[in-house]
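**Q**
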Amino acid sequence: MANNTSQELAFKLNAFYRDRYRRVMKFVSVMAVICAVLACILSWMAYDKKQPPYYAAMTTGEVVPMHALSEPVVTSPFIVAWSARTVQLIYNLNFSIYQKQLAAVQNRFTEAGWEKMMSALKTSGLLKTLVGDKLIITAVVSGTPVILAQMITDGRFTWRVQMKVLVTYTSASQTKQNEFVVTMNIQRVPTLDAANGIQIVSFET
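Going left to right, the sequence shown walks through residues 61 to 265 as this note's numbering numbers them.
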């Protein structure tokens, strides 16, 4: 009788532990599925996380959105028109007021870009001839400027633009013309430095 009771108790204990084990395994399985789903959701949220917008306050009180310097911000047609206009401003000079005229376009250049542009003008002898011969210089861009490359340099979006320029030199006694090629690198800059978010960083003739 005692043996039967012991066996019955052992069976009940086995059944109890078996049921508890199955429940625990079901619970663990459910938790594993939940953890896997949460891991997928967190991974997606981390991958798809959008940066909050940033804004800059101008000295005038105007608030403008800020973009990453690796973003182009402006279109290719804008770059073409802007670069052509810049070259026209550079090469439309009067010997008596050329310094003022050049100063008006300085904000289109970074500090390094401005130095390279002025070096190009001096190396070519243009400024010396302008003053020495008392010239009036005018320029037109021959054809549409070409964007040779678009790239990210030092974390900043950069356009390499090239164009042909026809320059006319007019003095009291004569007029002559010269055509040459201008190549420049235009780069993204903070809008606090330039309203359009672009400036010239290199200038070659």
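Each residue gets a CB set at the ideal place from its N, CA and C atoms; glycine is no exception. Predicted, not measured: the structure shown is a model, and the values here were computed from it.
Can you tell me which residues form a DSSP beta bridge with Thr213?
**A** Arg216.
**Q** Quick check: Phe240 and Ser130, are their CB atoms within less than 7 Å of each other?
**A** The answer is no: Cβ separation not under 7 Å.
**Q** According to DSSP, what are the bridge partners of Arg248?
**A** Per DSSP, Ile258.
**Q** What number of angstroms, rounded off, separates the C-alpha of Gln161 from the C-alpha of Ile101?
**A** C-alpha separation (whole angstroms): 59 Å.
**Q** Please check the pair Leu226 and Gln237, which I expect to be a contact at CB under 8 Å, by giving their CB distance rounded to whole angstroms.
**A** Leu226 to Gln237, Cβ: 6 Å. Contact.
**Q** Less than 6 Å between C-beta atoms, sequence neighbours within five positions excluded: which residues of the same chain meet that for Val206?
**A** Excluding residues within five positions, the ones whose Cβ falls inside 6 Å are Gln222.
**Q** By Cβ distance below 7 Å, which residues in the same chain neighbour Thr198 in space, the five residues on each side in sequence not counted?
**A** Result list for Thr198: Asn152, Thr228, in chain order.
**Q** Compare the Cα-Cα distances from Thr251 to each of Leu149, Val134, Ile150 and report the closest residue.
**A** When only C-alpha atoms are compared, the closest one is Val134.
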